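Chemist:
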Amino acid sequence: MAKILIPYGTSEGQTARIADYISDVLQAHGHQADTLDLKHADHDLPDGYDAVMVGASVHAGKHEGYVADFVRRNLPALQNLPAALFSVSLSAHGDPEDAEKYVAEFEDGTGWRPDKVAMFGGALLYTQYGFLKRILMKRIVSSQGSPDTDTGRDYIYTEWDGVRRFAEEFLVYMERNPGPVS
Ligand SMILES: Cc1cc2nc3c(=O)[nH]c(=O)nc-3n(C[C@H](O)[C@H](O)[C@H](O)COP(=O)(O)O)c2cc1C
1 MAKILIPYGT SEGQTARIAD YISDVLQAHG HQADTLDLKH ADHDLPDGYD AVMVGASVHA
61 GKHEGYVADF VRRNLPALQN LPAALFSVSL SAHGDPEDAE KYVAEFEDGT GWRPDKVAMF
121 GGALLYTQYG FLKRILMKRI VSSQGSPDTD TGRDYIYTEW DGVRRFAEEF LVYMERNPGP
181 VS
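Just so we're aligned, residue 1 is where the sequence shown starts under full-length UniProt numbering, counting upward by one.
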């Protein structure tokens with residue numbers, strides 16, 4: 001049994017849901033998987049983990065700054081262990097080139113080259129946004145030519161089968177490329 005940490009950043013909760021889902025998949029394969037909400041805390045990577053899957057979401061073209069800080073602070077540990085990044089955005093659903101650009105900028109800004117990267121579609125949670133955010137998001141979405149402008153409902157773009165496959169592929173990678181024995 002391996003011990004896997006899933007530290008993540010989230011603003012509206014979708015990345016937290018994806019982190020929980022990944023944790024369930026890893027546990028179903030007999031591993032210990034712990035999620036860690038990085039928000040508002042200067043976390044160091046705890047000792048004793050065999051692998052790490054970092055999650056972050058995109059707002060205004062950037063992943064959460066506190067996730068980038070976490071990665072920079074723990075770079076040697078992340079480079080020593082099997083480690084993955086999953087990036088959550090609307091672009092991952094509709095505009096993969098933009099989604100890849102966000103990841104490339106995150107990698108350049110942190111100096112981290114994750115062993116595995118996934119880009120997952122996020123969610124448009126109109127019913128949970130405040131008034132201004134709802135109007136802003138509707139305007140952005142409609143300017144991109146998307147029909148998903150009914151602010152009386154939410155739109156979830158996360159493909160859960162893809163999330164499960166990524167978690168399982170990472171397990172295979174981890175088993176073939178174990179980090180140093182502590
Ligand atoms: C104010 C705001 C700005 C956003 N900016 C972007 C963006 O620049 N590019 C993008 O692809 N998605 C953008 N999104 C979509 C989010 O990445 C998506 O809603 C994701 O599910 C958020 O994940 P979280 O709930 O874990 O924070 C934005 C969403 C909001 C609410």
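All C-beta atoms in this analysis are idealised placements derived from N, C-alpha and C, irrespective of residue type, glycine included.
Since the model is a prediction, treat every value here as computed from it, not as a measurement.
Pairing CB atoms from the stretch 163 to 176 with CB atoms from the stretch 45 to 58, are three or more of them under 8 Å?
Modeler: As far as the Cβ criterion goes, the stretch 163 to 176 touches the stretch 45 to 58, which means the pair count is three or higher.
Chemist: Could you name the residues that DSSP lists as bridge partners for Thr-35?
Modeler: Numbered from 1 along the sequence shown, position 35 holds the residue referred to as residue 35. BP columns for Thr-35 point to Ile-6.
Chemist: Within the continuous beta strand (DSSP E) that includes Ala-56, where are the two ends?
Modeler: On the sequence shown, position 56 is the one that residue 56 refers to. Where Ala-56 is concerned, the enclosing beta strand (DSSP E) stretches over 51 to 59.
Chemist: Can you grab the Cα-Cα spacing for the pair Ala-33 / Lys-116, in whole Å?
Modeler: As a working mapping, residue 33 is identified with position 33 in the sequence shown. As a working mapping, residue 116 is identified with position 116 in the sequence shown. Roughly 17 Å separates the two Cα atoms.
Chemist: Considering only the alpha carbon of each residue, which of Ala-41, Ala-19, Ala-77 lies closest to Ser-57?
Modeler: If you number the sequence shown from 1, residue 57 lands on position 57. Considering only alpha carbons, the answer is Ala-19.
Chemist: Do you know offhand how far Thr-158's Cα is from Ala-123's?
Modeler: One-based indexing of the sequence shown puts residue 158 at position 158. One-based indexing of the sequence shown puts residue 123 at position 123. The straight-line gap from Cα to Cα measures roughly 7 Å.
Chemist: So what does Phe-120 bridge to, in DSSP terms?
Modeler: Walking along the sequence shown from the start, residue 120 turns up at place 120. Val-88, per the DSSP bridge assignment.
Chemist: Which residues share a DSSP beta bridge with His-63?
Modeler: What you label residue 63 is simply residue 63 of the sequence shown in a count that begins at 1. His-63 pairs with Val-58.
Chemist: If you count every other CB in all the chains shown that lies within 10 Å of the CB of Phe-131, and 16 or more means buried, which is it?
Modeler: Along the sequence shown, read from residue 1 onward, the residue named residue 131 stands at position 131. The residue is exposed, with fewer than 16 neighbouring Cβ atoms inside 10 Å.
Chemist: I want to know whether the stretch 102 to 120 touches the stretch 142 to 156 - three or more CB-CB distances under 8 Å.
Modeler: Contact fails: fewer than three Cβ-Cβ distances are below 8 Å.
Chemist: Going by beta-carbon coordinates alone, are Val-67 and Leu-36 separated by less than 8 Å?
Modeler: Looking up residue 67 in the sequence shown gives position 67. Looking up residue 36 in the sequence shown gives position 36. No. Outside cutoff.
Chemist: Rounded to the nearest angstrom, what separates Lys-138 and Ala-167 at their Cα positions?
Modeler: Numbered from 1 along the sequence shown, position 138 holds the residue referred to as residue 138. Numbered from 1 along the sequence shown, position 167 holds the residue referred to as residue 167. Straight-line Cα distance between these residues: approximately 32 Å.
Chemist: If we call anything under 8 Å between Cβ atoms a contact, is Trp-160 one with Tyr-8?
Modeler: Position 160 of the sequence shown, counted from the first residue, corresponds to residue 160. Position 8 of the sequence shown, counted from the first residue, corresponds to residue 8. Cβ atoms of Trp-160 and Tyr-8: not closer than 8 Å.
Chemist: Quick check on the DSSP output: the alpha helix (DSSP H) that includes Asn-74 runs from which residue to which?
Modeler: Translated into positions along the sequence shown, residue 74 becomes position 74. No alpha helix (DSSP H) holds Asn-74; DSSP gives it neither H nor E.
Chemist: Using the beta-carbon count (16 or more within 10 Å), is Ile-140 buried or exposed?
Modeler: As a working mapping, residue 140 is identified with position 140 in the sequence shown. That one is exposed.
Chemist: Report the CB separation of Phe-120 from Val-71 in whole angstroms; it is logged as a contact under 8 Å.
Modeler: Position 120 of the sequence shown, counted from the first residue, corresponds to residue 120. Position 71 of the sequence shown, counted from the first residue, corresponds to residue 71. Between Val-71 and Phe-120 the Cβ distance is about 18 Å, and since that is not below 8 Å, they are no contact.
Chemist: Which value, in whole angstroms, describes the spacing of the CA atoms of Asp-154 and Thr-15?
Modeler: As a working note, residue 154 is residue 154 in the sequence shown. As a working note, residue 15 is residue 15 in the sequence shown. Cα-Cα distance, rounded: 15 Å.
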